[in-house]
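Participant: With our numbering, letter number 67 in the sequence shown gets 867, and the count goes up by one each step, no holes. The structure under discussion is supplied below as structure tokens; questions concerning it will follow.
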Amino acid sequence: MTALLEVRQASKTYTSGGLFGRHVVRAVAGVDFSLTSERPEVFTIIGESGSGKSTLARMILNSVQPSSGSILFRGRDLATIRSRRDRLAFMGEVQPVFQNPFEAFNPLKRLDRYLYLAARRFCGARTRADVEGLADAALRKVGLSLAEVRGRFPHEMSGGQLQRVAIARALVPEPALVVADEPVSMIDASLRMTIVNMFRTLRDTFGVSIVYITHDLATAYYISDRLIIMEKGEVVESGPARAVLDAPSHPYSIKLLQAVLPVGNAWRDEMPAEPRPQPAA
């Protein structure tokens, strides 16, 4: 069975400066992991700012090309996706959810227009009924409806509501994979678990795999099946989420864990009663 996503020794190097002051930064260094197509999961990439996790996310979304190595989706190297038709087909299957919902939408455009555009662009919907039906179906997956969103501008909704609309827009084409880059870091603390639980529902109910990027160990422990921890572009630890976070072995992982220990092991209080079995690494 072909893997859904394969990241093979992916690296990204940036060069800056002129002839006499060349500076090379290796943002991502030889990252390897894969997601199976047989079973949806939440695969989490953990790291602090500058760890390379967002660069890796952009490579998975095919908006940044690896300097070396390769990334394959359903067995196809993303570097071979060049035509508009192929790009649209890939984007329909791999959708992003970004950090700041307030920056994801133009404040002068109504929110329903984004959902309608996705329905037309990725699903080929042409009639008003088809477009609105697809938009409403996606919104209902995140606990909203078209009636609640129709005609409203971004400033008329809360940050949590906006992020749910952003997730709904990503779900319109029924993607196989969602890449969520720090999706709750800009949300009010009281609403974060609502969004996190939504990603678990997408996995368990709708069969969507999630690449979840975060610096927050608590949400990572709660939501993840497997994870990698990145430091300065390199993977320093990987494996089943709870096994890694219960007993980290790398000094960087231990440092991250110690940074949250003073406020208590909050994620253990939020664990589901029956943890989902971990997929094989």
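Don't be surprised by glycine CBs; every beta carbon is placed ideally from N, CA and C. Because the structure is a prediction, the values reported are computed rather than measured.
What's the gap between the Cα of A857 and the Cα of Q809?
Facilitator: Those two C-alpha atoms are separated by around 14 Å.
Participant: Going by Cα to Cα distance, which pick from S870, I995, P975 and D1046 is closest to F1006?
Facilitator: P975
Participant: Quick one: any contact between the segment 958-967 and the segment 1018-1034, if contact means 3 or more CB pairs under 8 Å?
Facilitator: no
Participant: Just verifying my parser: in three-state terms, what is the DSSP assignment at F873?
Facilitator: strand
Participant: What first and last residue would you give for the beta strand (DSSP E) that runs through F833?
Facilitator: Boundaries of the beta strand (DSSP E) harbouring F833: H823 to L835, taken from the DSSP string.
Participant: Could you check what DSSP says for D1016 in three-state terms: helix, strand or coil?
Facilitator: Coil.
Participant: Quick check on the burial criterion: 16 or more other C-beta atoms within 10 angstroms. Buried or exposed for A1043?
Facilitator: exposed
Participant: Are there 16 or more other CB atoms within 10 angstroms of the CB of G847, so buried, or fewer, so exposed?
Facilitator: buried
Participant: Whose CA, out of G924, R921, R928 and L915, lies closest to the CA of R940?
Facilitator: L915
Participant: In chain order, what residues of the same chain lie with their CB nearer than 7 Å to the CB of E1031, ignoring the 5 residues before and after it?
Facilitator: G847, S851 and Y1052
Participant: Going by other Cβ atoms of all chains shown within 10 Å of its Cβ, with 16 needed for buried, is E903 buried or exposed?
Facilitator: exposed
Participant: In this structure, does DSSP put V1093 in helix, strand or coil?
Facilitator: Residue 1093 falls outside the range modelled here, since the chain spans only 801 to 1081, and no answer is possible.
Participant: Give a yes or no on contact between the segment 983-990 and the segment 889-901, applying the rule of three or more CB pairs nearer than 8 Å.
Facilitator: Contact between the segment 983-990 and the segment 889-901 is present, because at least three Cβ pairs lie under 8 Å.
Participant: Looking at the unbroken beta strand (DSSP E) that takes in E1037, where does it start and where does it end?
Facilitator: E1034 to P1040
Participant: Can you name, in chain order, every residue of its own chain whose Cβ lies under 7 Å from the Cβ of H955, other than the five neighbours on each side?
Facilitator: Contacts found: P907.
Participant: Assuming contact is defined by CB atoms lying nearer than 8 Å, are V894 and D1025 in contact in what I supplied?
Facilitator: no
Participant: According to the Cβ coordinates, are I871 and I881 closer than 8 Å?
Facilitator: No, the Cβ-Cβ distance between I871 and I881 is not below 8 Å.
Participant: Taking the alpha-carbon of L971 as reference, which of F922, A947 and K909 has the nearest alpha-carbon?
Facilitator: F922
Participant: From the DSSP output, read off the bridge partner residues of A810.
Facilitator: V831
Participant: By DSSP's criteria, E974 is part of a beta bridge. Which residues make up the other side?
Facilitator: DSSP output for E974 lists no bridge partner at all.
Participant: Would you report the Cα separation of G875 and E948, rounded to the nearest angstrom?
Facilitator: Taking the CA atoms as reference points, G875 sits about 40 Å from E948.
Participant: Classify S1009 as helix, strand or coil using the three-state DSSP reduction.
Facilitator: strand
Participant: Pick out whichever of S883, E838 and A829 has its Cα sitting closest to the Cα of G869.
Facilitator: A829
Participant: Counting only the same chain and skipping the five closest in sequence on each side, list residues whose C-beta sits under 7 Å from that of P840.
Facilitator: R1003, G1007, V1008 and S1009
Participant: Are there 16 or more other CB atoms within 10 angstroms of the CB of F905, so buried, or fewer, so exposed?
Facilitator: F905 comes out buried.
Participant: What are the boundary residues of the beta strand (DSSP E) that T844 is part of?
Facilitator: V842 to I846 is the span of the beta strand (DSSP E), which, as asked, contains T844.
Participant: I'd like to check one pair, L1027 with T836: are the Cβ atoms closer than 8 Å?
Facilitator: no
Participant: My parser needs the alpha helix (DSSP H) runs of 4 or more residues fully inside the segment 883-933; what are they?
Facilitator: 884-893, 901-904 and 911-923
Participant: Using CA atoms only, rank isn't needed, just tell me which of I1023, H1015, S1038 and S1049 is closest to V1060.
Facilitator: H1015
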